[in-house]
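One structure below.
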Amino acid sequence: MNFWDTVTGSDITREWKAFEVRAEALPDDHRAAWQQIKGHLLPHADFTGRNLVPILDAALGLLEETAADGQSVHEVLGDDIGGFCTALAGGEGARTHRDRWREQLNRNVARKLSRLGG
73 MNFWDTVTGS DITREWKAFE VRAEALPDDH RAAWQQIKGH LLPHADFTGR NLVPILDAAL
133 GLLEETAADG QSVHEVLGDD IGGFCTALAG GEGARTHRDR WREQLNRNVA RKLSRLGG
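Per the working numbering, the very first residue in the sequence shown carries number 73; after that it's consecutive.
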């Protein structure tokens, strides 16, 4: 990845388009699970989303393999796709972008207040 791709995010755009092309080849139930997986994982993305690319690639690969083997989504992921995604993202209580932004805001406010008080 070169500097320009990093700055513009074109590498991420190419990855997302490749994911969607791969997902279109899935059966309907697997494609629906893919949409749910994306929805559950996106809150765990960093500012660029680069941290999710390997996780999404692995999840899509799992769906592709199970579809090729003729397994249903329910057999592989069970009833709790959200729980599956939580485990992929790092477990219960994994930090989201909101958590990181909240912590940064709190640090900035505390720093400004300490300057005013002292």
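We put the CB at the ideal spot given by N, CA and C, even for glycine.
- For T80, the enclosing alpha helix (DSSP H) stretches over residues 75-80.
- Out of K184, S82, R94, the CA that lies nearest to the CA of E136 is found in R94.
- The beta carbon of H112 sits closer than 7 Å to those of I153, G154, C157, all from its chain and outside the five residues before and after it, given in chain order.
- Each residue's CA atom was taken as its position, placing L98 and W173 some 36 Å apart.
- With 16 or more other Cβ atoms from the protein chains shown falling within 10 Å of its own Cβ, W106 counts as buried.
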